[in-house]
Amino acid sequence: MRQILRRPVVRALVAAALLLFVLVGGYGTYLANQAGRLPWQEDPTRIPVVPFEGLDVPGFAPQTPVAATPVP
2 MRQILRRPVV RALVAAALLL FVLVGGYGTY LANQAGRLPW QEDPTRIPVV
52 PFEGLDVPGF APQTPVAATP VP
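In my numbering, the protein residues as written are 2 to 73.
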């Protein structure tokens, strides 16, 4: 094995393959980081969504109590 790595062409090919591997791996990690898909990243906090909240629909009582307006 050592005799093969002593040849400059083989050594250059191994170095180029390692450099390509590092570049592709680094770019893939960058893209995964931007997408939030890395294993050590926390999941975003979910926001509770109440469907149709705040809609004024006739025939249905509102979900939240409405404050009374003072009469002049």
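Built from N, CA and C at the ideal position, the CB exists for glycine as well.
Length of the line joining the Cα atoms of residue i and residue j
i	j	result
Gln35	Arg8	41 Å
Leu20	Tyr31	16 Å
Val11	Ala18	10 Å
Val51	Tyr28	39 Å
Arg38	Gly26	15 Å
Arg47	Leu24	34 Å
Local conformation of residue i per DSSP, three classes
i	result
Gln4	helix
Pro9	helix
Thr30	helix
Gln39	Looking at the sequence provided, one finds Leu at residue 39 rather than Gln. Three-state result, Leu39: coil.
Residue i Cβ short of 6 Å to the ligand ATP heavy atom set
i	result
Val25	With respect to the ligand ATP, the structure shown offers nothing to examine, as it has no ligands at all.
Residue-level contact to chain C via CB, residue i, 7 Å cutoff
i	result
Arg38	Absent from the structure is chain C; it holds one protein chain and no more.
Residue closest to residue i, alpha-carbon to alpha-carbon, out of the options
i	options	result
Gln42	Ala33, Val50, Val23 and Val25	Ala33
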